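One structure below.
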Amino acid sequence: MSRIINVGVSDTKIDLFEGQYSVPNGMTYNSYLVTDDKTALIDTVDGNFKKEWLANVNAARGNKAIDYLIVQHMEPDHSACIKLFAETFPSTVIVANSKTIQMMKQYFRGFEFNTKEVKDGEELCLGETTLKFFFTPMVHWPEVMMTYETATKSLFSADAFGKFGTSDCDEPWLDEARRYYIGIVGKYGAQVQAALKKLSALEIKNVYSLHGPALTGDLSEILNKYNVWSSYLPETDGVLIAYTSIYGNTLDAVLELAKRLKGKTDFKVVDVARTDWAETVADCFKYSKIVFATTTYNGTIFPCMNSLINAIVERNFQNRTVGFIENGSWAPMAAKVMKDKLSSQKNLTFIEQEVKIVSSLSEENLSQIDVLAQSLLSK
Ligand SMILES: Cc1cc2nc3c(=O)[nH]c(=O)nc-3n(C[C@H](O)[C@H](O)[C@H](O)COP(=O)(O)O)c2cc1C
């Protein structure tokens, strides 16, 4: 009978995942052993966990040989231990596609791996169960493939459906899965759509991602979230107000706007300078309407607002309604700078009424905020 055992590790010491994402609840690097007449290991783990992972692999395999190592993704948090594995188990066949084999040569120069190249859709029989490989390029590297295991109807999804945080940390899947997806895969919506289409004919009962917990039971909500996110559709009908304010005057306008929205729509106010950047980026993709409020700063906009807008543009921000609040004391231009930065994005509706503060709130600004609020509350 086939069995799936997670031989992965938890990283509770990591500060920044992929060098930039804060992960207060750590990270998992999953690796799976599928045992049947033949035994296959799916992916390895981050190089800092070589010993612990190898011990997990040995404990799980008992006295069985490992016939195959399936390499789904060459990002080093999953591939760093391939060479160690090949040295430890020289007769194991490494199953990979041509792009992966090329990357293995790039990462492990001069080492000769015992590889078997597979094509998209190819199958590998382990006994009762069969592994079926599906190439899913740019989800989120070009060599990525996913693996479907037929006996338990399980999808090994590489980085897809992952989340930040160790598997056993006490938090719901959604928020950290969204922050992970939008941050890391958000740019590749079209490729995620192609992958979802390719996998749509499969009956999937379990999803085993390389990060985060195993997903089982009713997977429809999770699949629906991936469909919404990768189509760049809003997840929540409501308003995100993302602001920066050095001395509090721009914040005064934000609070006036919030007063007018309260009780009438779902909304969230975020101080961009004091909030995790990837959370704010994810929120920009969550809400249907976004108000960007910032100060003119050295002839452009406040640096963290500049970074936020760059980050959402990089991730194909589109299909949203956008409003602007600006401040400036001698040559205000924040609204123009923000609008210009967003002007190349698809299907953005800019609210005509901008709030244009000169140093501090005026009566005219309050009227502008009234009109902006009305526009945000209209359908
Ligand atoms: C370092 C710095 C640079 C600024 N650069 C500009 C500028 O280029 N043009 C302008 O009109 N105002 C500029 N301002 C003025 C701010 O936009 C102004 O102080 C604004 O009222 C600040 O809003 P706040 O109270 O929300 O921080 C600058 C302010 C600071 C502190």
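In terms of this note's numbering, the sequence shown is residues 1095 to 1473. Beta carbons are placed, not taken as given, at the ideal position from N, Cα and C, and that holds for glycine. Computed from a prediction, not measured in an experiment: that's the story for all the values here.
Restricting attention to alpha helix (DSSP H) runs no shorter than 4 residues, the segment 1245-1326 encloses them at 1267-1274, 1283-1293 and 1314-1324, ordered along the chain. In this structure, the alpha-carbon of PHE1444 lies about 25 angstroms from that of GLY1342.
Contact check for ALA1347 and ILE1278: beta-carbon distance about 34 angstroms, past the 8 angstroms limit, so the pair fails to qualify.
The C-beta distance from TYR1326 to GLN1412 rounds to 5 angstroms, short enough to fall under 8 angstroms. Taking every protein chain shown into account, the CB of THR1310 has fewer than 16 other CB atoms within 10 angstroms, so this residue is exposed. Its chain contains ILE1335 and GLY1417 as the residues whose beta carbon lies nearer than 6 angstroms to that of VAL1385, once the 5 sequence neighbours on both sides are disregarded; these appear in chain order. Between ligand 1 and SER1454, a heavy atom-to-CB distance of less than 8 angstroms is present.
Remark: the C-beta of THR1390 is in contact range of ligand 1, defined as less than 8 angstroms to any heavy atom. THR1224 is bridged by DSSP to CYS1219. Taken through DSSP and simplified to helix, strand or coil, GLU1206 comes out as coil. Straight-line spacing of the CA atoms in LYS1380 and ARG1409 works out to 13 angstroms. A heavy atom of ligand 1 is found nearer than 8 angstroms to the CB of TRP1424. Not one heavy atom of ligand 1 sits closer than 8 angstroms to the Cβ of THR1415.
Closer than 8 angstroms to some heavy atom of ligand 1: that describes the Cβ of TYR1341. A straight line joining the alpha-carbon of LYS1247 with that of ALA1405 spans about 37 angstroms. Taking 9 angstroms as the cut-off, the beta carbon of LEU1135 is found closer than this to the beta carbon of PHE1179. TYR1341 carries a coil assignment under DSSP once its states are collapsed to helix, strand and coil. A distance criterion of 8 angstroms places the beta-carbon of GLY1393 in contact range of ligand 1, judged by its closest non-hydrogen atom. With a cut-off of 8 angstroms, the C-beta of MET1432 is classified as distant from ligand 1, since no heavy atom of the ligand falls inside that distance. In the DSSP assignment, ARG1097 forms a beta bridge with THR1129. When secondary structure is reduced to three states using DSSP, VAL1449 falls in the strand class.
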